[in-house]
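One line per chain: the protein sequences are A and S, in this order. Quick note: the first sequence, position 653, residue 1353 per this note's numbering, numbers continuous. Quick note: the second sequence, position 197, residue 204 per this note's numbering, numbers continuous. Cβ coordinates follow ideal geometry from the N, Cα and C atoms, glycine included. Step one of this worksheet: look at the structure below.
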Amino acid sequence: MPRKIVKSKYFFEEDFIETIGEVSTEKVKDWGPNSQLKVVGKSLSRIDGYDKVSGTAKFSFDISLPNMVYAKTLRCPLPHAKIKKIDISEAKKVPGVLAVLTYENAPKIPWYYGMSFLFDPHLRYEGDEVACIAAETEQIAVDALKLIHVEYEELPFVVDAGAAMKPGAAKVHDAGNVVRGEPQIYKRGDIEKGFKQADVVVEDTFSTQVEIHNPTEPHCSVVNWDGSRLTIWDSTQGVFSVRDAIAGYLKMPASKVRVIKKYMGGAFGSKLEAGKYTVMAALLARETGRPVRIALDRRAMNLAVGNRPGSVQKLKVGAKKDGTLTAMNHYSYGAAGAYPSGAGCSRPFRTLYKCFNVRSEEYTVFINTGRGRPFRAPGHVQGTFAFESIIDETAEKIGMDPLAFRIKNYAEVDPASNRPYTGKLLRQAYKRGAAAIGWQDRKPAGSGSGPVKTGLGVATQIWWGGGGPPAYATLKLNRDGSAHVIAGSQDLGTGTYTFIAQVAAEVLEIPMEKIQVTLGDTAVAPYCGSSGGSTTAPSVSPAVRDAAEQMKTKLISAAAAVLEIPGNQLVYKNGIISVKNKPDKKLTIANIVRRMRERVLLTTGARNANPSGYAINTFGAQFARVEVDTYTGRISVKKIVAAHDIGRVLNRKTLENQVHGGILQGLGFALIEERVMDEFTGKMLNANLYDYKMPAIYNVPEIEVIIVSEGDAKISNTGVKGIGEPAMIPTPAAIANAVYNAIGVRLKSLPITPDKVLMALQG
Amino acid sequence: MNEKSKSKGISRRKFIQGVGTGVIGSTVLLDTLQAAPEKKGENGEHAGKQLLFLKVNGKTVRSMIEPRTTLVEILRNHLHLTGTKVVCNHGECGACTVLLDGEAVYSCHILALDAAGKEVITVEGLLSGEKLHPLQQAFVEHDGLQCGFCTSGQIMSARALLLKNRHPAEQEVVEGMSGNICRCGAYPKIIESVLAAGGQR
Ligand code: FES
Ligand code: FES
């Protein structure tokens, strides 16, 4: 869409004014390596740092409106039940209670793909929503909840995926416990033939636990009606997706719903969809005529707003003596929870290595627990743990170094589609990572002496994270050379605000301090997708660069028009346009904008389409060094080296921070975190932060971050790919492989807790 | 969890149990409270409101509150100091950490009346006007945060640590900050920030 700016004239009031009109632009050049850039890639401090350290940042949780009331939800205490009778009369009498919603008086709004309703008398998990109260204070609402009397009919339940697949298991839904009634099957080549060609065949079963997101900021909304217009401050990863969903649920025009999210206290996938609580708050606000705030407590956070489904994975791998993979089979099952979500985990298995004969069969089943939601690299974290474990086992069986075995089966093209990659620097990641961890000193498994044994492990990561359209950014340039970028994206703590300012500063050559960024407001921002899939930076940064390049072109064209000198004889530097070889003949942004009789120049940039015919992926290898105390079973992760190919780094400081975060969540998944269900009562036993352990500051290993890529010019004008999910994917597998290398016994079930280590050591 | 607020004063559960039988929270409270009328409040708030005096960020606060009100509820809901966050509301994560007479406490886990007559400093109280405290500045420069929701608590724990130990070593930082969960896993840079503020780097 080339555009250009030319001089034009029109009659305004009493006189002709000279003005400038836009007619076209050109395509922008690749940036080259970061060493050639001034702002992008540098370790700059976050521009929203001040707000967050001073306590002035307003998270959705902190929004308070005049006359606001508080909503609280009554949740089902049983794993499976029907409401026989519900009596809200006593609760309604409590002074300060303003409204009570139950399935008897609330509109029937279909939920979970039409399988249930906003309020449904059939409750399918502990934590399912029974009623919602609005009251003058949160405490009154909590008190009143206790006065709602519910008589439940208890129904048979099942809370374990394996048990749910057995014949005669309690049914979560009438149609049966297997989601869609059948497994997801993938195949290429002929595995029978492939296994016949193999010199060794390794078979093993791995399992992973259910993990809870537990972001620090609770899921929450503050809603306010102005007649038929609804404003929602929501803790969400996607303001537009919430807007559209809420408009749909409430049957109102999307233009009348405004969703705002300035800051959010973490999500990790659990805040990608609109919540029931938001709709409940909107209904209560309409009924009471007052703004409503609703926030989940920590118990509800653990029960009702998502989890990473567990998995049981039976894998079979065949290889020749020289290390060539000949066939691979994957069978797995995992639980969606009470309503559909994905529990599949075979993607890395299908795409990580060159292998022509591959088959996978995955079952997702219903159980009576809260529904799963995407969790940082859904499927890939658990799938990579099992797959990279059996790859290690296979390497050992044929007597090859695990790293050499992986390189032997390096995929030069995407094994599933046979398409070339836009870029793949995994070899460099292996090489530099191995050097950093000291791979050459790796000892045979379990060969150390003494009670505390050291081990090294490696695991590989593949993910998408290339981003794509649609994503837009609007740039407003003021007369004084300051700028404002507005995008419909969101910053999850990932540094979106900051990289947007950096990209604009890089192109326009104006100081970072002069740039303001607005995100997460559907009323003012052009559309961007939800922040998930590690797509925010790769989708949004090119749109910002496009907007800024258009602005630069506009300024040059305007200067050419003002000076009556062809644009190609002008040079743009630091916000000043001068004539080549005549440096004193120049115009500042202010001069130009004034001559144009404008105060604000506006451009909107767009993310380009991705190139066709390519696979776009991120890659990486992580290396772990661990110590295992064979007396206590305690594992201490000493060092992780993370070497990744993720295109261009926009900000080294925030990038490192995100890699640290991914690794620590991976460490938590490998060693610490686990939802514990009681099979006899169907209840979660650790729905709080004391019993649901997460990594703490004393779990932090030494971490070395190596980025082997400079930018993937094939995908966009910034060549950026995402890092949020890639950083977590290989960590558990690398740790598990290192534990094996230390003690010579393989731990196949996560989390690898000391009791499991001791049991394994005793054989 | 570390020593922080858990050992201080009387637990909320005990306190709530006690209200019905006329047990009163602490001795400080006895000096400062006034018995409220017996009837229920207009809006149905709990009967028996009591008067609380507190010093918050250098300012004296006077408020009629229900005895079961926690310190963080006073800070956030009554004083609108929303820098202090609530994550678990059960003394399990450190997000609500403030200074109470110079000691780090979990403000979700302490009754406001237990803090009566004492001096509370919140994250907002570290600012001078709009200017950041050097500790806050260190968190910006060393990127000791991601989403920022645990950050106020981290900073207040660090503040308490640095008040006691001006130049903590890395292991002392890890110990001092071990009562604060950061789900984003910004720990390495939190450690760096606190060390920088303590002048070790
Ligand atoms: S909110 Fe107070 S310790 Fe978690
Ligand atoms: S920065 Fe997000 S929880 Fe610590």
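- Query: Within the 9 Å Cβ cut-off, does S:Y113 reach chain A?
  - Reply: By one-based count along the second sequence, residue 113 of chain S stands at place 106. Not one chain A Cβ lies under 9 Å of S:Y113.
TODO: In angstroms with no decimal places, state the Cα-to-Cα distance between A:K785 and A:D748.
DONE: As a first step, residue 785 of chain A must be located in the first sequence, where it is residue number 85. As a first step, residue 748 of chain A must be located in the first sequence, where it is residue number 48. Cα to Cα, the separation comes out at about 50 Å.
Next on the checklist: Please confirm whether S:S70 has its beta-carbon closer than 9 Å to some beta-carbon of chain A.
Outcome noted: Indexing the second sequence from 1 puts residue 70 of chain S at position 63. No - not a single Cβ of chain A is within 9 Å of the one on S:S70.
Inset, instruction - Verify the CB distance criterion: does A:P733 have a CB-CB separation below 9 Å to chain S? - result: As a position in the first sequence, residue 733 of chain A is number 33, starting the count at 1. Among the CB atoms of chain S, none fall inside 9 Å of the CB of A:P733.
- Message: Are the CB atoms of A:V1341 and A:I1335 within a distance shorter than 9 Å?
- Response: Here residue 1335 of chain A is taken as the residue at index 635 of the first sequence, counted from 1. Here residue 1341 of chain A is taken as the residue at index 641 of the first sequence, counted from 1. Judged by beta-carbon spacing, A:V1341 lies beyond the 9 Å limit of A:I1335, meaning their Cβ atoms are not closer than that value.
- Task: Would you kindly report the start and end of the unbroken alpha helix (DSSP H) that includes A:R1295?
- Result: The residue given as residue 1295 of chain A occupies position 595 in the first sequence. Counting along the chain, the unbroken alpha helix (DSSP H) around A:R1295 starts and ends at I1289 to R1295.
Worksheet item: What three-state label does DSSP hand A:L765 in the structure shown?
Response: Along the first sequence, one-based indexing puts residue 765 of chain A at 65. DSSP places A:L765 in coil when its eight states are reduced to three.
task: Going by CA-CA distance only, name the one from A:V923, A:G1037, A:K772 and A:I783 that's closest to A:V872.
output: Working through the first sequence from its first residue, we reach residue 872 of chain A at position 172. Nearest of A:V923, A:G1037, A:K772 and A:I783 to A:V872, Cα basis: A:G1037.
message: I believe A:E917 touches A:F1075 by the beta-carbon criterion, under 8 Å. Please report the beta-carbon distance rounded to the nearest angstrom.
response: By one-based count along the first sequence, residue 917 of chain A stands at place 217. By one-based count along the first sequence, residue 1075 of chain A stands at place 375. Actually they do not touch by this definition, with Cβ atoms about 16 Å apart.
TODO: Check whether the Cβ atoms of S:S185 and S:A102 sit closer than 9 Å, and answer yes or no.
DONE: For this step, residue 185 of chain S is matched to residue 178 along the second sequence. For this step, residue 102 of chain S is matched to residue 95 along the second sequence. Going by C-beta atoms, S:S185 is not nearer than 9 Å to S:A102.
(Q) Closest to A:Y886 by C-alpha separation, out of A:G1044, A:L983, A:L855 and A:M1001, would be which residue? (A) Residue numbering aside, residue 886 of chain A sits at position 186 when the first sequence is read from its first letter. Of the candidates A:G1044, A:L983, A:L855 and A:M1001, the one whose C-alpha sits nearest the C-alpha of A:Y886 is A:G1044.
Fill in: Partners in chain S for A:L984, counting only beta-carbon separations shorter than 8 Å
As a working mapping, residue 984 of chain A is identified with position 284 in the first sequence. Near A:L984 there are no residues of chain S at all, since even the closest Cβ is about 17 Å away, more than 8 Å.
- Which chain S residues are close to A:E917, counting only those with a beta carbon under 8 Å from its beta carbon? The residue labelled residue 917 of chain A in the question sits at position 217 within the first sequence. Around A:E917, the beta-carbon contacts reaching into chain S at under 8 Å are K92, V94, C154 and F156.
key: Between the CA atoms of A:T936 and S:K46 - distance to the nearest angstrom   = As a position in the second sequence, residue 46 of chain S is number 39, starting the count at 1. As a position in the first sequence, residue 936 of chain A is number 236, starting the count at 1. Caution applies to S:K46, whose pLDDT of 47 falls short of 50 and renders its modelled position unreliable; the value that the coordinates give is listed next. Rounded to the nearest angstrom, the two C-alpha atoms are 42 Å apart.
Distance, A:A1116 Cα to A:Y1110 Cα = The sequence position of residue 1110 of chain A within the first sequence is 410, counting from 1. The sequence position of residue 1116 of chain A within the first sequence is 416, counting from 1. Taking the straight line joining both Cα atoms gives about 14 Å.
Helix, strand or coil at A:S816 according to DSSP, with G and I counted as helix: Looking up residue 816 of chain A in the first sequence gives position 116. The three-state reading of DSSP puts A:S816 in strand, counting E and B together.
task = Please check if any C-beta of chain S sits within less than 9 Å of the C-beta of A:G966.
result = Start at 1 with the first residue of the first sequence, and residue 966 of chain A comes out as number 266. True, the Cβ-Cβ gap to chain S drops below 9 Å.
*asked:* Between the stretch 84-92 of chain S and the stretch 760-773 of chain A, can you find at least three pairs of beta-carbon atoms closer than 8 Å?
replied: When C-beta atoms of the stretch 760-773 of chain A are compared with those of the stretch 84-92 of chain S, three or more pairs fall below 8 Å, so the two segments count as touching.
Chain-order list of residues whose beta-carbon lies under 6 Å from that of S:R190 (same chain, five-residue window excluded):
Against the second sequence, residue 190 of chain S aligns to sequence position 183. None.
Which residues bound the alpha helix (DSSP H) around A:L1103? For the purposes of this step, residue 1103 of chain A is identified with residue 403 of the first sequence, where counting begins at 1. For A:L1103, the enclosing alpha helix (DSSP H) covers residues P1102 to K1108.
Return the CA-CA distance between A:V1017 and A:D1412, expressed in angstroms with no decimal places. Along the first sequence, read from residue 1 onward, the residue named residue 1017 of chain A stands at position 317. Along the first sequence, read from residue 1 onward, the residue named residue 1412 of chain A stands at position 712. A straight line joining the alpha-carbon of A:V1017 with that of A:D1412 spans about 33 Å.
I'd like to confirm the pairing. Which residues does DSSP put opposite A:I1340 in its beta bridges?
In the first sequence, the residue the question calls residue 1340 of chain A occupies position 640. For A:I1340, DSSP records a beta bridge to A:A1324 and A:I1403.
Item to complete: Output yes if chain A places a C-beta closer than 9 Å to the C-beta of S:T34; else output no.
Response: Taking the first residue of the second sequence as 1, we reach residue 34 of chain S at position 27. Only weak support exists for where S:T34 lies, its pLDDT of 33 falling under 50; the coordinates are left without a value.
(Q) Less than 9 Å between the beta carbons of A:M1001 and A:P1102, yes or no? (A) Here residue 1001 of chain A refers to the residue found at position 301 when the first sequence is read from its first residue. Here residue 1102 of chain A refers to the residue found at position 402 when the first sequence is read from its first residue. With respect to the 9 Å criterion, A:M1001 and A:P1102 are not classified as neighbours on the basis of their beta carbons.
Please name the residues in the stretch 1440-1463 of chain A whose beta-carbon is closer than 7 Å to at least one beta-carbon of chain S, in chain order.
-> Residues of the stretch 1440-1463 of chain A whose Cβ lies closer than 7 Å to any Cβ of chain S: none.
Exercise for the section: Within the same chain, show all residues whose beta-carbon is closer than 6 Å to that of A:R929, passing over the 5 residues directly before and after it, in chain order. Expected result: In the first sequence, counting from the first residue as 1, residue 929 of chain A sits at position 229. Cβ neighbours of A:R929 within its own chain (closer than 6 Å, five residues either side excluded): K956.
query = Roughly how many whole angstroms lie between the Cα atoms of S:I197 and A:K1414?
reply = Against the second sequence, residue 197 of chain S aligns to sequence position 190. Against the first sequence, residue 1414 of chain A aligns to sequence position 714. Rounded to the nearest angstrom, the two C-alpha atoms are 36 Å apart.
Over the uninterrupted beta strand (DSSP E) stretch that includes A:A834, give me the two end residues. Along the first sequence, one-based indexing puts residue 834 of chain A at 134. According to the DSSP assignment, A:A834 belongs to the beta strand (DSSP E) that extends over E829 to A835.
Could you check whether the Cβ of S:E99 sits closer than 8 Å to any heavy atom belonging to ligand 1?
As a position in the second sequence, residue 99 of chain S is number 92, starting the count at 1. Yes, Cβ of S:E99 sits closer than 8 Å to a heavy atom of ligand 1.
Item to check | Within-9 Å CB hit, S:I188 to chain A | outcome: To locate residue 188 of chain S, count along the second sequence from 1; it is residue 181. Answer yes: the Cβ-Cβ gap between S:I188 and chain A drops below 9 Å somewhere.
* Within 9 Å, strictly: CB atoms of A:N1068 and A:V859 -> By one-based count along the first sequence, residue 1068 of chain A stands at place 368. By one-based count along the first sequence, residue 859 of chain A stands at place 159. Yes, they are a contact pair.
Using the Cβ count rule (16 or more neighbours within 10 Å means buried), how would you classify A:E882? Within the first sequence, residue 882 of chain A is the residue found at index 182, counting from 1. It counts as exposed.
- prompt: Between A:T1026 and A:F1105, what straight-line distance do the alpha-carbon atoms span, to the nearest angstrom?
  reply: Locating residue 1026 of chain A in the first sequence gives position 326, where the first residue counts as 1. Locating residue 1105 of chain A in the first sequence gives position 405, where the first residue counts as 1. Rounded to whole angstroms, the gap between the alpha carbons of A:T1026 and A:F1105 is 13 Å.
Q | Residue range of the alpha helix (DSSP H) that includes A:L1355 | A | Translated into the one-based positions of the first sequence, residue 1355 of chain A becomes position 655. For A:L1355, the enclosing alpha helix (DSSP H) starts and ends at R1352 to L1371.
Using a Cβ-Cβ distance under 9 Å, would A:I1397 count as near chain S?
The residue labelled residue 1397 of chain A in the question sits at position 697 within the first sequence. Chain S contact via Cβ: present.
Check: So with Cβ pairs under 9 Å, would you call S:A193 a contact of chain A?
Finding: Here residue 193 of chain S refers to the residue found at position 186 of the second sequence. Residue contact with chain A for S:A193: present (Cβ-Cβ distance below 9 Å to some residue of chain A).
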